[in-house]
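Down below is the structure, laid out as structure tokens.
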């Protein structure tokens, strides 16, 4: 298997790969966030990193950067909320600045294309800002930079959703710690999932607004927004296969 | 009709209304953004301000703050993109800081509850950050602050959607400058809409990722993401009535 | 009457007006600040916006941007102080960043000339910084930007002052909520002035320094720094006519 | 003569002076800015530092902090403009942050009262912001801080102005590098003034607005905004004596 | 072996470990930086993470946080310089803010003690600032926080140095990519070292100052500041054993 | 003796010296920090300023900028710690921004080379960041800037150390307020040293880590980290002579 993690390369080999400016740097960005009592705190990091590596393995000109582990503050309706023990998040501007700086650092090596694979919904707009600012800064130096930003779940087709949720899909909004993420983790890191601890909850229902400080009673006390009890490694592979296939196809 | 815009009150009258700490400050936040050749640049400001005022009129203890007009950068898949002439947006942190400061300023007058009515999708996460930080800062001074954050369209029911789109709804994602916003504007500011200039476009279709710098060819050249040709003032009233009713009910 | 508010134009019409780079964008910047028990909180916004519009109407190539409503913290000796209920101000850097971003956003549409009309004394230095930084940033991209910054009262002649204050002028420093602003508001927004609530105070006198936290006993409890009792709509028109005439002449 | 410069004390002696929290820290803040071909670049630093020391010598409980030498950007109408060689200025936020941090550092030693003596007009609003923020930050820790902010020239009486300008005063606005500052420098640092190099210019006249980038043709090429030719050391002493006397009286 | 990586725990188990406030959070902070043609880019991340885990395994109350991978800009005299391909560093304030936010996030879970294990010399002062600010912020909320900051190499004794460098030690300053780091990596990640690519260089010598932009000719073209040719896994174990032993003893 | 302090020059003379872009601006940066009961708070400012002036006197093309007096927070193991009364320090980013702005301001006058002489260990990394950012910003404008950064003590040879410490040198780390700094101050500012107040302490010993908040019991209560009792003016001259000679030779 090809070495795709750039941090595991020596600088000379890395330089050989990137110096013509055609290499794409794949940057996984995630979060440390509770995902229920049955799963570790890091699916939002491990899943995009896994996808990044498998995509890069299929490509001739992609390298995977070390993932950025701490993401933007978990929100009640998408991640349970920032008050859960274990959920360990940074401010929007810290994330933005950190990602912005990392992009510009890779730019110095001659890289001109980036593929940010996001694993945590709440990161999105701060990644948008980081990417937009990096592009504009590069332009001041006469450099044209291209940053693609994606959240892996946006590549899952309706067909796959139907296959994964034969009894009906309760919607993306409540997939936090549910069948989708749990299945993927069962596939790629079964040691970090303990299905015996799964708490079976009906899909969370939320009012059409947010409130600050958040109200913990809005969220199931387990922290998952829907039940992961139907998760299986096989479903995880269906999802991953599709995401990896499509992402690889689109960007390689 | 009651005076609900606080900026139109003298300070003594305002003080009388807020000094017991029970008044809710309603803050409309929008954007200056192209909405097609048939409509002005300010629906994202005028609509939340209108809703805010009509909600406040039904309440005993709400006042509407001056709207914040310039919002976060328009994104291709939700607002056409930040490259359109007329789209005039600020950075995430400018918006965040400005809103944060305004909340803290109202706090000084004794206010403890805020209702932010957002009219521009892209603002959301920066408003989240502003609200979250304001709550935490207030807490350092021993003050419990409550900020509700809503985007008005989240209060529109499926029933109304069906009524407004009898031929099928192409989804929230492409409602930028489409039937929904145009209908509301026809209802509240008909002078700012010119239906003769409507460009009839099929609903925009986008790939499942974003790219920076944005690619203008992704967007219909008119700037609208779906056709507003079926917009009517009557539909606007249906939508508004529902939003106002529900928001008023929930928060008054 | 010509349409001069750019936010009320559709983007295509706006683009037609600005694409040759000769249009001047007029930006009113104000504050939400108490102006005595007889007047609304928004004269510092409404007056510069009114002047901006009337100036733009006389010009072939001016458009008025949505006003920036929240300004820098009111100071005791110029605005009564930041502790008055209703006075709702932002920090210096928030104002600076917000204005800076707005200028740069208009720059993207091809605009190269800006006319900032300030309505709130305390804003001045932060507007200076925003303008200076915008000019320097634009230069990095090879763009020459020009920003004119004015406070409308600087265009009032001694002759007009004598006419408006036949019994003697107590000086610009104490004109907060006094004859000048009240007269203009009587002229342009009589509904936002209630002369029956005027509190007659002698011109405020201050020591030659400032103190933080401010001492509320320095300020008349009404919040006005001189008496507005001699204000009339006619005086308002004299002042406006002169300001508008001169500004239009100088910059059209 | 008493030692009043705190930086020249050892820490134990300093501690003895400040530990009861009654000492006032006097902070001179200036600028490095051209003052014409006849004078050094540092009058805005040396004058407030001199006044600070002479005021502190008369007091039982004042110590003078090291002056902050680099101030906010020189403006055309008050300091000739930021484009003059030798004028070496920082951004508003750098000045604000630096002063804010210094105040908070002195706070840690037990100090609760500050007297900022400003020698450069353009600094004022950024010092206001630094002082305001420091007071608020201290309050979060339960500490009541008091910061007085003054510009020394505001203590000069009309009587002294008449004596210094027997042929008529052309106004504070154009006193940059003129009789006032030159006279004071002749009195306290005659080695830094060379009257043979004085350029005799009529008082500068400016339009009622500012422009960015600044237009160098607005300013006399010498950099002074009025003629310093009538400056004398004796006049400098009149001015200083009054400022020092009044400041000492008011704050000791 | 005990689970010590907190990101691999589910939130309930994590909560059980930290809720009494006695757990110490160990935070490895490193850098992505060239370490010669014979070694990967990530020793500064992997080494402190390894030490953190082995220390935590010996303790009853320590958990290891996900490492922060991107550190402050490599300097010529300590890391070869920021211009090497592969060296991928962030600005001081990005690092500071990111670490600061992460500390405060862990604080919310009840944690009160932190042990930052630094693996990259250049990070030090920015970690100092992050720790100092976090302590002060926590204090505003009435929380006493304790942050220990160490660089692992400071725990290596002179005796070990003598053993590792039997022919004489050329000093810590040039140990970048040399015997020390290479030996440790041979011990913990032999797959990331290729001794056949070692470039034998004499210890780098530098002038007693730094220059910006850096001068690449100061640095051996291999990027190592001394020769790693004498590195062995055994030496790596000696060093690690000592560091781990001492750190565990001091802080457990 | 030549005039080397640029703040003491008039702008025309200054301009004549710098306009060809070959002048080097020497910037002393220090700190206000306790140095024991026998010495003033400003050695870290006065020593680099003195060296700067004597170096500039020997050069044809150097001018000395006003020193930056307030530096980064004193650390326990290098400066006694930030909790000592009299130690008056700013945050890292304030120092960084202030220095960055000053460099860029001198750049505007045509200067292209800077020599920062640091007198306070803790400043180093923040000066690195200021210099690095200034170089990069200048490059955006097409300007090549060169900044040399040095701490004067790095120019002291082993031979001089032996001569100054005939009984053995306890190391640079504990030289705070010890023989080295005291000797230099005795030579250049004997009025700011009182040898009768010297407290004789053994060299401080510290654990191989730092802790926040700092533990005052780690530091001798006098604040010096080693005994200054053997300091003499003659030793000061030896040290200065060497530093000045070498710095002048290297950079003139």
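Chains as they are written, first to last, in UniProt numbering: chain R, 1 to 252; chain X, 1 to 252; chain V, 1 to 252; chain B, 1 to 252; chain W, 1 to 252; chain Y, 1 to 252. Glycine included, every Cβ here is placed at the ideal spot set by N, Cα and C.
Item, Value
"Listing by chain order, which chain X residues have their CB less than 9 Å from the CB of residue 195 (chain R)?", "In chain order: nothing, as chain X lies at least about 30 Å away."
"Note down the Cα distance separating residue 119 (chain R) from residue 182 (chain R), rounded to an integer number of angstroms.", "13 Å"
"What's the gap between the Cα of residue 24 (chain R) and the Cα of residue 186 (chain W)?", "30 Å"
"Determine the burial state of residue 7 (chain V): buried for a count of at least 16 other Cβ atoms within 10 Å of its Cβ, exposed for fewer.", "buried"
"With distance defined between alpha-carbon atoms, name the residue in B:15, B:132, B:171 nearest to residue 146 (chain B).", "B:132"
"Within the region 184-218 of chain B, note down every full alpha helix (DSSP H) run reaching 4 residues or more, in order along the chain.", "none"
"Helix, strand or coil for residue 154 (chain W) per DSSP?", "helix"
"Pull up the distance between the alpha-carbon of residue 157 (chain Y) and that of residue 245 (chain Y), whole angstroms please.", "12 Å"
"Between the region 197-226 of chain R and chain W, which residues of the former have a C-beta closer than 9 Å to a C-beta of the latter?", "197, 222, 223"
"Return the residue from the list W:122, W:56, W:106 that minimises the CA-CA distance to residue 32 (chain W).", "W:122"
"Suppose the cutoff is 6 Å on Cβ atoms and the five residues either side in sequence are ignored; what does the same chain contact list for residue 148 (chain R) look like?", "115"
"Would you please verify whether the beta carbon of residue 28 (chain B) is less than 8 Å from any beta carbon of chain Y?", "no"
"Counting contacts by CB-CB distance shorter than 8 Å, is residue 72 (chain X) in contact with chain V?", "no"
"Among Y:208, Y:201, Y:172, Y:102, which one has its Cα closest to the Cα of residue 154 (chain W)?", "Y:208"
"To the nearest angstrom, how far is the alpha carbon of residue 219 (chain V) from that of residue 72 (chain V)?", "19 Å"
"Name, please, each residue of chain B whose Cβ falls closer than 9 Å to the Cβ of residue 97 (chain Y).", "90, 91, 93, 94, 97, 98"
"May I have a chain-ordered list of the alpha helix (DSSP H) segments no shorter than 4 residues that lie completely inside the region 75-145 of chain B?", "76-79, 92-108, 124-140"
"Answer yes or no: does any C-beta atom of chain X fall closer than 8 Å to that of residue 37 (chain V)?", "yes"
"Helix, strand or coil: how does DSSP classify residue 16 (chain B) here?", "helix"
"Out of Y:3, Y:215, Y:196, Y:176, which has the shortest C-alpha to C-alpha gap to residue 41 (chain Y)?", "Y:176"
"Kindly list the residues whose CB is nearer than 7 Å to the CB of residue 54 (chain B), restricted to its own chain and excluding five residues on each side of it in sequence; keep chain order.", "244"
"Could you have a look at residue 44 (chain W) and say whether DSSP puts it in helix, strand or coil?", "helix"
"Does residue 14 (chain X) get closer than 8 Å to chain V when you measure Cβ to Cβ?", "yes"
"I want to verify the contact list: residues of chain R whose CB lies under 8 Å from the CB of residue 42 (chain W), in sequence order.", "7, 8, 66"
"For residue 147 (chain Y), which of helix, strand or coil comes out of DSSP?", "strand"
"Would residue 171 (chain Y) and residue 228 (chain Y) be called neighbours here (beta carbons separated by less than 8 Å)?", "no"
"Check the DSSP bridge columns for residue 70 (chain X) and list the partner residues they point to.", "For residue 70 (chain X), which the question treats as bridged, DSSP gives no partner whatsoever."
"Do you know offhand how far residue 234 (chain B)'s Cα is from residue 204 (chain Y)'s?", "55 Å"
"Could you tell me the distance, in whole angstroms, from the CA atom of residue 216 (chain W) to the CA atom of residue 135 (chain Y)?", "16 Å"
"List the residues of chain X that residue 11 (chain V) touches, going by C-beta distances under 8 Å, in chain order.", "34, 35, 36, 37, 41, 84, 85, 86, 87, 223"
"Let me make sure I understand the geometry here. Which of R:141, R:99, R:91, R:82 has the alpha-carbon closest to that of residue 89 (chain W)?", "R:99"
"For my contact list, residue 19 (chain X) and residue 110 (chain X) are in at a C-beta cut-off of 8 Å; report their separation, rounded to the angstrom.", "5 Å"
"Using a Cβ-Cβ cutoff of 7 Å, what residues of the region 98-120 of chain R are near chain W? List them in chain order.", "98, 101, 102, 105, 106, 109"
"CA-CA distance, residue 62 (chain Y) and residue 5 (chain Y)?", "9 Å"
"If we cut at 8 Å on Cβ distances, does residue 241 (chain V) have a partner in chain B?", "no"
"Using a Cβ-Cβ distance cut-off of 8 Å, determine whether residue 161 (chain V) contacts chain B.", "no"
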